[in-house]
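Novice: Below is the structure I would like to discuss, written out as structure tokens.
Protein chains: 2
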Amino acid sequence: MVQQLQTSESPPLRIALAGLGTVGAGMIRLLDTNADLVRARAGRPIQIVAVSARDRTKDRGVDLGRFAWESDMTALAARGDIDVVVELVGGSEGPALDLARKTIASAKGLVTANKAMIAHHGMELAREAEAAGTALKFEAAVAGGIPVVKGLREGTAANAIERIYGILNGTSNYILSTMEATGASFDATLADAQGKGYAEADPTFDIEGIDAAHKLSILAGIAFGARIDFDSVDCEGIARVRAADIAQADKLGYVIRLIGMADVECGEDGTPQLLQRVKPCLVPKGHPLAHVTGATNAVVAEGNFSGRLLFQGAGAGEGPTASAVVADLIDIARGETSAPFSVPVGALKPMAAATSGHRLGRTYLRFTVTDRPGVLAEITAAMRDAGVSIESLIQEGKIAEGGEVLVAMVAHEGPERNVAHALKLLESSPSLTAPPLVMQIIAG
Amino acid sequence: MVQQLQTSESPPLRIALAGLGTVGAGMIRLLDTNADLVRARAGRPIQIVAVSARDRTKDRGVDLGRFAWESDMTALAARGDIDVVVELVGGSEGPALDLARKTIASAKGLVTANKAMIAHHGMELAREAEAAGTALKFEAAVAGGIPVVKGLREGTAANAIERIYGILNGTSNYILSTMEATGASFDATLADAQGKGYAEADPTFDIEGIDAAHKLSILAGIAFGARIDFDSVDCEGIARVRAADIAQADKLGYVIRLIGMADVECGEDGTPQLLQRVKPCLVPKGHPLAHVTGATNAVVAEGNFSGRLLFQGAGAGEGPTASAVVADLIDIARGETSAPFSVPVGALKPMAAATSGHRLGRTYLRFTVTDRPGVLAEITAAMRDAGVSIESLIQEGKIAEGGEVLVAMVAHEGPERNVAHALKLLESSPSLTAPPLVMQIIAG
């Protein structure tokens with residue numbers, strides 16, 4: 056009776072859905088399957104009114120006949136019978152951005168799973184949404200089904216966030232944790248992941264760290280009250296990680312994970328500077344992130360009062376992403392209207408990119424070398440000359456893999472610039488057959 | 056400039072604080088330390104106006120002179136210059152409940168860290184708050200600084216929650232993980248924990264699982280849309296776990312954790328029934344909860360679209376609890392006004408307590424026996440007669456500890472009632488020198 060009463064009192068939240076890929080179809084399935092509980096929690100029904108996608112005839116396993124169809128996606132924004140547009144088209148520019156702008160310009164709410172668009176145009180879109188007094192929400196853009204945007208915007212809102220870091224790309228984590236379990240090479244594992252649908256035919260965005268960098272730049276904006284600055288993310292992928300690196304890390308008590316990390320430091324001129332990096336790192340086996348395997352995502356936020364918080368779950372996929380999209384819709388239905396990035400865009404600080412040279416860290420270095428006398432002396436001399444103190448040389452410095460000789464070592468804690476200097480000294484050395492791989496070691 | 060403008064436009068949210076223990080003092084410190092960012096994120100200042108506690112003279116390391124003092128706590132609810140009362144007094148009845156009722160009756164918001172009060176009186180308080188159109192929030196009541204109430208109310212709002220379980224008591228987890236690391240006995244570890252401030256002088260609420268049961272009943276209400284039913288939580292503490300149990304679990308590939316778990320099943324009459332239990336369990340070493348050590352809390356929520364989500368962090372302490380209290384205040388300042396338990400109290404279902412006998416599970420059983428011939432035959436015969444199939448007898452069935460003989464075994468998956476039946480058969484046996492310890496084995 057109570058729900059009946061509410062339903063008759065509260066009009067439905069009317070949705071237009073652009074993009075009918077797996078997530079779009081998943082969202083329709085979710086709203087069908089969980090209709091009663093979504094209505095009860097939202098305080099009113101959430102009702103899809105119109106949809107648009109490239110191909111009208113494709114069978115998506117859901118009944119589309121009950122929705123109006125727009126062949127021109129941007130026409131969704133112009134409809135008078137819509138409160139919120141859900142954008143699941145993807146791509147930072149083009150139709151998705153066009154639709155987003157038109158939706159906000161017509162004072163409709165926008166919910167999107169599009170991390171690239173938010174990373175590149177989130178500031179503009181949020182400013183326009185705030186000016187129009189309408190909602191812009193993007194929980195699904197970061198870490199799939201994990202409510203980490205909400206966790207940072209609201210859950211940790213009382214804290215100065217000191218650091219945020221985590222595993223933000225499921226494909227890379229699947230590959231690294233599979234290499235760890237099987238001992239297989241990167242190339243073989245990537246091919247396997249592609250076969251199983253964990254990696255796309257063109258895996259560039261995932262394995263080069265770009266997808267993780269999109270997400271990191273969004274999280275950093277919320278966590279630090281900074282204007283999103285995707286271009287300044289220092290980004291390196293996992294393609295150069297070898298089975299031998301994983302084996303060596305294991306012997307040292309670590310696993311290798313692609314870690315997105317951001318923090319703020321005070322620059323020499325006294326202004327805050329933002330460090331954002333996505334890189335493969337050594338993670339101690341006792342650290343919560345070391346136990347994150349497969350396509351799972353996990354985000355750690357360190358607040359000055361909350362301490363270390365961990366949010367973990369499925370980082371992608373039909374169900375989890377649909378779960379995040381509909382959570383945003385329920386928030387809108389409930390009247391939650393605070394600023395997309397926690398504070399108004401005008402209050403977000405433009406922060407210069409931090410230079411990392413003075414930062415202290417322990418480092419893993421791996422060299423691919425010719426097998427001749429004097430190589431080790433040359434490398435260790437460069438380290439000495441650059442002020443890098445070697446903590447351990449692994450397996451007497453020689454690991455054969457695929458006919459090559461690898462030299463791996465761990466450097467004591469010291470300034471990152473010293474390591475960079477050592478590599479510079481070795482840059483033109485004929486002993487090195489490929490650029491060295493350098494990985495930070497995360498503290499426990 | 057933007058913030059100035061907002062500040063002058065938006066009046067402060069005016070707070071009364073009842074209870075000046077560590078969390079109360081921590082909240083004052085947080086609002087001092089993070090004043091600028093709290094104001095920016097809340098859209099207006101959050102300002103303590105009046106405070107009350109038993110002892111006015113005690114030095115709490117914070118300046119109280121700037122706040123009005125009320126020696127009668129309930130007078131806070133009557134003040135005309137207050138928007139929200141923060142109750143940090145504790146206790147399910149008495150002054151805390153009196154203050155909570157008066158606060159809501161005077162249409163002020165109530166924020167509380169009081170799990171016992173919400174577990175026992177949350178339905179009444181939420182109903183009154185909804186009727187008065189005022190906020191009731193209790194993030195700090197469950198798992199300290201982890202935003203898991205928000206995570207369930209909002210983050211997973213699109214999902215039917217299939218199961219919720221986790222580590223909800225930091226003291227018990229500290230003791231169990233310390234026993235694991237040191238091999239020490241329960242009594243010695245408890246004494247150590249008391250010495251270090253991880254356990255109270257009277258540790259009953261923590262080690263008997265009552266504190267975890269309070270939290271579990273609150274989470275279950277939100278997750279399953281059920282009326283809170285603390286009394287039906289099947290609750291067992293950790294005092295009977297021995298070092299030998301931990302050692303045996305380790306050999307089998309498990310750790311022992313105090314797990315609060317709730318799910319809903321369909322009763323024989325077709326109505327939903329709620330199972331809530333707090334018990335020490337065996338957790339596989341590959342499970343995320345197995346890596347949760349020390350006073351940390353962690354909650355797993357399994358949604359029908361989100362899949363498995365994990366929220367982890369500090370479950371108690373001055374900073375984390377203050378972080379949760381102020382997050383609630385920021386929500387109120389932003390105008391977030393949805394139902395305390397996600398749906399209105401009138402829509403929460405009264406659910407009968409599920410009987411667990413038909414449930415299937417693998418079980419660890421440990422008997423304390425006299426060291427004489429025939430004991431093992433007696434136990435295994437009882438198992439056979441009750442239909443319990445033994446998967447493994449550990450160390451040939453005999454483990455000596457402190458002059459006693461322990462027999463541990465793992466039973467194959469089967470109905471819980473069969474195990475209960477077997478124990479019934481052995482109840483009057485003179486061979487058993489103490490009641491057996493039975494622990495469920497959590498699936499990976």
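Going line by line, the protein sequences match chains G and Y. Just remember that this note's numbering sits 55 ahead of the position in the first sequence, which is counted from 1. Just remember that this note's numbering sits 55 ahead of the position in the second sequence, which is counted from 1. We put the beta carbon where it would ideally sit given N, CA and C, even for glycine.
By Cβ distance below 7 Å, which residues in the same chain neighbour T392/Y in space, the five residues on each side in sequence not counted?
Specialist: For T392/Y, where only same-chain residues beyond five positions count, the Cβ hits under 7 Å are A190.
Novice: Taking D386/Y as the query, report the chain G residues whose CB atoms sit under 7 Å from its CB, ordered along the chain.
Specialist: Per Cβ cutoff of 7 Å: E209.
Novice: At a Cβ threshold of 8 Å, is F360/G touching chain Y?
Specialist: It does; some Cβ of chain Y falls within 8 Å.
Novice: Given a limit of 7 Å on CB to CB distance, which residues of the region 394 to 418 of chain Y reach chain G?
Specialist: For the region 394 to 418 of chain Y, which is checked against every Cβ of chain G, the residues closer than 7 Å are S397, V398, P399, G401 and A402.
Novice: Could you tell me the distance, in whole angstroms, from the CA atom of I293/Y to the CA atom of A246/G?
Specialist: In a straight line, the C-alpha of I293/Y is about 48 Å away from that of A246/G.
Novice: Select from G120/G, L143/G, D118/G and R121/G the residue whose C-alpha is nearest the C-alpha of T129/G.
Specialist: Comparing Cα positions, the closest option is L143/G.
Novice: Do P327/Y and C321/Y count as a contact pair if the criterion is CB distance below 8 Å?
Specialist: In this structure, P327/Y lies closer than 8 Å to C321/Y by Cβ.
Novice: Measure the C-alpha to C-alpha separation of A299/G and R312/G and round it to an integer number of angstroms.
Specialist: Near 15 Å, if we compare the C-alpha coordinates of R312/G and A299/G.
Novice: A350/G: buried (16+ other C-beta within 10 angstroms of its C-beta) or exposed?
Specialist: Classification of A350/G: buried, given that the 10 Å Cβ count is 16 or more.
Novice: Count the other CB atoms, across all protein chains shown, that sit within 10 Å of the CB of T425/Y; report buried if there are 16 or more and exposed otherwise.
Specialist: Its Cβ having fewer than 16 others within 10 Å, T425/Y is exposed.
Novice: Go ahead and pull the three-state DSSP assignment for P150/Y.
Specialist: In this structure, P150/Y counts as helix in the three-state DSSP scheme.
Novice: Identify which residue in A174/Y, A345/Y and D266/Y has its Cα closest to the Cα of A236/Y.
Specialist: Residue A345/Y is the option with its Cα nearest to A236/Y.
Novice: For Y253/G, report the span of its alpha helix (DSSP H) as first-last.
Specialist: Unbroken run through Y253/G: none, as it is neither H nor E.
Novice: Note down the Cα distance separating A73/G from K270/Y, rounded to an integer number of angstroms.
Specialist: When rounded, the distance between both Cα atoms is 41 Å.
Novice: Would you mind reading off the limits of the alpha helix (DSSP H) that contains K163/Y?
Specialist: Premise fails: K163/Y is in no alpha helix (DSSP H) and is neither H nor E.
Novice: Comparing alpha-carbon positions, which option in D118/Y, K113/Y, I273/Y and L86/Y lies nearest K170/Y?
Specialist: Cα-wise, what sits closest to K170/Y is I273/Y.
Novice: Check for me: the beta strand (DSSP E) holding R218/G runs from which residue to which?
Specialist: I216 to I222 is the extent of the beta strand (DSSP E) around R218/G.
Novice: Taking only beta-carbon positions, decide if K235/Y is within less than 8 Å of chain G.
Specialist: The sequence as given places Glu at residue 235/Y; Lys does not occur at that position. No, its Cβ sits nowhere closer than 8 Å to a Cβ of chain G.
Novice: From L481/G, T410/G, M172/G and L461/G, pick the residue whose C-alpha is nearest to that of T285/G; which is it?
Specialist: For clarity, residue 285/G is Phe in the given sequence; the question names Thr instead. The option with the nearest alpha carbon to F285/G is M172/G.
Novice: Quick one: which residues of the region 341 to 353 of chain G get their C-beta closer than 7 Å to a C-beta of chain Y? List them in chain order.
Specialist: Those would be P343 and H346, in chain order.
Novice: Taking C-alpha atoms, which residue in L365/G, G499/G, E468/G and N89/G lies nearest to T211/Y?
Specialist: The residue with the shortest Cα to Cα distance from T211/Y is N89/G.
Novice: Around the Cβ of G164/Y, are there at least 16 other Cβ atoms within 10 angstroms (buried) or fewer (exposed)?
Specialist: By the 10 Å Cβ count, G164/Y comes out buried.
Novice: Leaving out five residues before and five after V204/G in sequence, what residues of the same chain have Cβ atoms less than 6 Å from its Cβ?
Specialist: Within the same chain, V204/G has close Cβ partners E194 and V197.
Novice: So is K306/G buried or exposed if we call it buried at 16+ other beta carbons inside 10 Å?
Specialist: When all chains shown are included, K306/G counts as exposed.
Novice: Quick check on E255/G: buried or exposed, where buried means 16 or more other Cβ atoms within 10 Å of its Cβ?
Specialist: Exposed, because fewer than 16 other Cβ atoms sit within 10 Å of the Cβ of E255/G.
Novice: Take the Cβ of T226/Y as the centre, count every other Cβ of all protein chains shown within 10 Å, and call the residue buried at 16 or more, exposed below.
Specialist: Classification for T226/Y: buried.
Novice: Using the beta-carbon of each residue, which ones in chain G are nearer than 7 Å to N169/Y?
Specialist: Correct list: empty, because the minimum Cβ distance to chain G is about 19 Å.
Novice: Using a Cβ distance threshold of 8 Å, determine whether the region 64 to 71 of chain G contacts the region 353 to 371 of chain G, with at least three qualifying pairs required.
Specialist: No, because fewer than three Cβ pairs between the region 64 to 71 of chain G and the region 353 to 371 of chain G fall closer than 8 Å, the two stretches do not touch.
Novice: Select from the region 180 to 208 of chain G all residues with a C-beta closer than 7 Å to any C-beta belonging to chain Y, and list them in chain order.
Specialist: Against chain Y - using a Cβ distance shorter than 7 Å - the residues of the region 180 to 208 of chain G are G200, I201, P202, K205 and G206.
Novice: Does the region 486 to 496 of chain G come close enough to the region 73 to 86 of chain Y that 3 or more CB-CB pairs lie under 8 Å?
Specialist: The region 73 to 86 of chain Y is not in contact with the region 486 to 496 of chain G.
Novice: Using C-beta distances below 7 Å, list every residue in its chain close to A123/G, excluding the 5 sequence neighbours before and after it, in chain order.
Specialist: Once the five neighbours on either side are set aside, the close Cβ partners of A123/G are V104 and A105.
Novice: With a CB to CB cut of under 6 Å and the five nearest residues on each side skipped, what residues in its chain are close to A167/Y?
Specialist: This sequence places Thr at residue 167/Y; Ala is not what is there. The residues are E142 and F193.
Novice: What are the boundary residues of the alpha helix (DSSP H) that includes I273/Y?
Specialist: Start and end: I265 to F279.
Novice: Should P375/Y be flagged as near chain G, meaning a C-beta pair shorter than 8 Å?
Specialist: By this cut-off, P375/Y is an interface position.
Novice: Under the three-state reduction of DSSP, which class applies to R414/Y: helix, strand or coil?
Specialist: It is coil, neither helix nor strand.
Novice: Note down, in chain order, every chain G residue with its Cβ under 9 Å from the Cβ of V381/Y.
Specialist: Chain G residues near V381/Y: A212, A213, N214 and F360.
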